[in-house]
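Chemist: Just passing along the structure, written as structure tokens.
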Amino acid sequence: MLTVQPESLDWALNHALKFGDTTMFPLPFEYEAIQHDWVNLRGVLETYDVLQWIVRPHRTMLSPKTRHGFRVITQLDPLDFLIYASLVKEIADDIEAIRTSRDTVFSFRTLITSGGQLFDPGIRFEDFRERSREIVSSDATISHVVLTDIADFYPRIYSHRLQGALNSATTKSSHVTAIMRLLSGWNGRESFGIPVGNAPSRLLAEASIVDVDEALQANGVRFVRYTDDYRMFATSYSQAYRQLAFLADTLYRNHGLTLQPQKTFVVTTSEFRRRFLPGPEEREIDSLQNRFADLIDSLGFSDPYEEIDYDDLTPDQKEIVDSLNLAEIFQEELRKAEPDLGLVRFVLRRMGQLV
590 MLTVQPESLD WALNHALKFG DTTMFPLPFE YEAIQHDWVN LRGVLETYDV LQWIVRPHRT
650 MLSPKTRHGF RVITQLDPLD FLIYASLVKE IADDIEAIRT SRDTVFSFRT LITSGGQLFD
710 PGIRFEDFRE RSREIVSSDA TISHVVLTDI ADFYPRIYSH RLQGALNSAT TKSSHVTAIM
770 RLLSGWNGRE SFGIPVGNAP SRLLAEASIV DVDEALQANG VRFVRYTDDY RMFATSYSQA
830 YRQLAFLADT LYRNHGLTLQ PQKTFVVTTS EFRRRFLPGP EEREIDSLQN RFADLIDSLG
890 FSDPYEEIDY DDLTPDQKEI VDSLNLAEIF QEELRKAEPD LGLVRFVLRR MGQLV
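Following my numbering, the numbering of the sequence shown begins with 590 at its first residue and continues without gaps.
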């Protein structure tokens, strides 16, 4: 028998209420009902043997990823999500302990707080890009950079490989069994895939390819990674090609995963700086993020996602918010034939934070 801890259930509900249960779907109204009667409901959930948990129907939909590309987003039943998130939270620190260093792998580093936070908000995609810039700028021997991306990463994660990775990370074998039972219930007859779009799945995905990061390091490859996005640094074209071949072979042999040909490049460092370091759109997002971070600091918030009551702000703080021009940026992007989806997501999240 396995039960989840009451504080883990509290954390899972706080996570859903504050960060959402997916990145794309609106939060279901059921969470408000759950919160209203949480003491009684938690009393039931904390005594339930989650090894016997039967999953409920979930919803899926296509979500734009690029102008002509889509990904499948999954929204779990709220009770399923609370159990799933609680189980992952209880092994999260074990997973973090086996991961590659934070100056190499930048995606979804664990920093749990009681308020529902799972990932460290101080480590972002911008740090991944900046580290890439630092490496090519500080080492004159680097002549080429490999850029590549795993194809269909989350939907193609093999269940038995994930289970092995989790068992290597934690001694809580019953937690691993319970998580795999949940995934099996959602996947039906398929033996691969994890729900896309929620935070617990992101941590499981990170755990699944720790062995690939370790293999690259053991083979002397200098690299950085953010989720499925790799950048490898080489002193010649031939070395870059060998690194790419080694990564492709390791992913396929260990996980049955492949690289996206249309997102795979071997370029010189000068071309890398010109084509792949932040352009105007990325710099606009960085500027907005930095200015919003300044606002959070001035308010003394420890949680960068905490709601902000505009009416309670000082005149100087209101000036910061007004200067962001979030509504105007959003409307301008919608008028474009090809909106910057990253910018749109950022603006919508920040607008939702203001009340």
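Every residue, glycine too, gets a C-beta built ideally from N, C-alpha and C.
Predicted, not measured: the structure shown is a model, and the values here were computed from it.
Which whole-angstrom value describes the C-beta separation of GLN832 and VAL735, a residue pair presumed to lie in contact below a C-beta threshold of 8 Å?
Modeler: For the purposes of this step, residue 832 is taken as the residue at position 243 of the sequence shown. For the purposes of this step, residue 735 is taken as the residue at position 146 of the sequence shown. So it is a contact: roughly 6 Å between Cβ atoms.
Chemist: Taking THR766 as the reference, which of ASP599, VAL677, GLY705 has the closest Cα?
Modeler: To locate residue 766, count along the sequence shown from 1; it is residue 177. That would be VAL677, whose Cα lies nearest to the Cα of THR766.
Chemist: Where does VAL639 land, buried or exposed, given buried means 16+ other C-beta within 10 angstroms?
Modeler: By 1-based counting over the sequence shown, the position of residue 639 is 50. Classification of VAL639: buried, given that the 10 Å Cβ count is 16 or more.
Chemist: Buried or exposed: which applies to SER726, given that a residue is buried once 16 or more other Cβ atoms fall within 10 Å of its Cβ?
Modeler: In the sequence shown, the residue the question calls residue 726 occupies position 137. By the 10 Å Cβ count, SER726 comes out exposed.
Chemist: Rounding to the nearest angstrom, what Cα-Cα distance links LEU751 and GLU922 in this structure?
Modeler: The residue you call residue 751 lines up with position 162 of the sequence shown. The residue you call residue 922 lines up with position 333 of the sequence shown. Approximately 39 Å between the Cα atoms of the pair.
Chemist: Can you check the stretch 812–872 for any beta strand (DSSP E) of at least 3 residues that lies completely inside it and give the ranges in chain order?
Modeler: List check, beta strand (DSSP E) in window: 818–823, 854–857.
Chemist: Ignoring anything shorter than 4 residues, give me the alpha helix (DSSP H) runs that lie fully in the stretch 669–693, in order along the chain.
Modeler: Taking only runs of at least 4 residues, no alpha helix (DSSP H) segment lies wholly in the stretch 669–693.
Chemist: Taking buried to mean at least 16 other C-beta atoms within 10 Å of its own C-beta, is ALA823 buried or exposed?
Modeler: Looking up residue 823 in the sequence shown gives position 234. So ALA823 counts as buried.
Chemist: Which runs of the beta strand (DSSP E) spanning at least 3 residues fall entirely within the stretch 725–770, listed in chain order?
Modeler: Complete beta strand (DSSP E) runs here, min 3: 733–738.
Chemist: Is it buried or exposed, SER790, if we count other Cβ atoms within 10 angstroms and call 16 or more buried?
Modeler: Your numbering for residue 790 matches position 201 in the sequence shown. By the 10 Å Cβ count, SER790 comes out buried.
Chemist: If you draw a straight line from the C-alpha of ALA601 to the C-alpha of SER675, how long is it?
Modeler: As a position in the sequence shown, residue 601 is number 12, starting the count at 1. As a position in the sequence shown, residue 675 is number 86, starting the count at 1. Cα-Cα distance, rounded: 6 Å.
Chemist: Give the single residue among GLN594, THR858, ILE918 whose Cα lies nearest to the Cα of ASP728.
Modeler: As a first step, residue 728 is located in the sequence shown; it is residue number 139 there, counting from the start. The shortest C-alpha separation from ASP728 is found at THR858.
Chemist: On a Cα-Cα basis, can you pick out the residue from PRO667, LEU943, GLN624 that is closest to PRO646?
Modeler: Along the sequence shown, one-based indexing puts residue 646 at 57. The option with the nearest alpha carbon to PRO646 is PRO667.
Chemist: Using only the alpha-carbon positions, how far apart do PRO784 and ARG924 sit?
Modeler: Indexing the sequence shown from 1 puts residue 784 at position 195. Indexing the sequence shown from 1 puts residue 924 at position 335. Spanning the two alpha carbons is a distance of roughly 32 Å.
Chemist: So, helix, strand or coil for MET940, using DSSP?
Modeler: Taking the sequence shown and counting its residues from 1, one reaches residue 940 at position 351. MET940 falls in the helix class under three-state DSSP.
Chemist: Checking the sheet assignment: what are the DSSP bridge partners for VAL661?
Modeler: As a first step, residue 661 must be located in the sequence shown, where it is residue number 72. In the DSSP output, where bridge partners are listed per residue, VAL661 has LEU651.
Chemist: Excluding the 5 residues preceding and the 5 following ASN603 in the sequence, name in chain order all residues of the same chain whose CB lies nearer than 6 Å to its CB.
Modeler: By one-based count along the sequence shown, residue 603 stands at place 14. These residues qualify, in order along the chain: GLY704, GLY705.
Chemist: Starting from the Cα of GLU917, find the closest Cα among PRO904, GLU803, VAL933 and give me that residue.
Modeler: Along the sequence shown, one-based indexing puts residue 917 at 328. Closest option to GLU917, Cα to Cα, is VAL933.
Chemist: Quick test of the definition: if touching needs 3 or more C-beta pairs under 8 Å, does the stretch 802–820 touch the stretch 835–850?
Modeler: Verdict: yes, contact present.
Chemist: Give the DSSP-derived three-state secondary structure of PHE697 in the structure shown.
Modeler: Here residue 697 refers to the residue found at position 108 of the sequence shown. Three-state DSSP puts PHE697 in coil, outside helix and strand.
Chemist: Roughly how many whole angstroms lie between the Cα atoms of PHE919 and ARG939?
Modeler: Looking up residue 919 in the sequence shown gives position 330. Looking up residue 939 in the sequence shown gives position 350. Going by the C-alpha atoms only, they are around 11 Å apart.
Chemist: Please confirm whether ARG720 and VAL810 have their CB atoms less than 7 Å apart.
Modeler: For the purposes of this step, residue 720 is identified with residue 131 of the sequence shown, where counting begins at 1. For the purposes of this step, residue 810 is identified with residue 221 of the sequence shown, where counting begins at 1. The answer is no: Cβ separation not under 7 Å.
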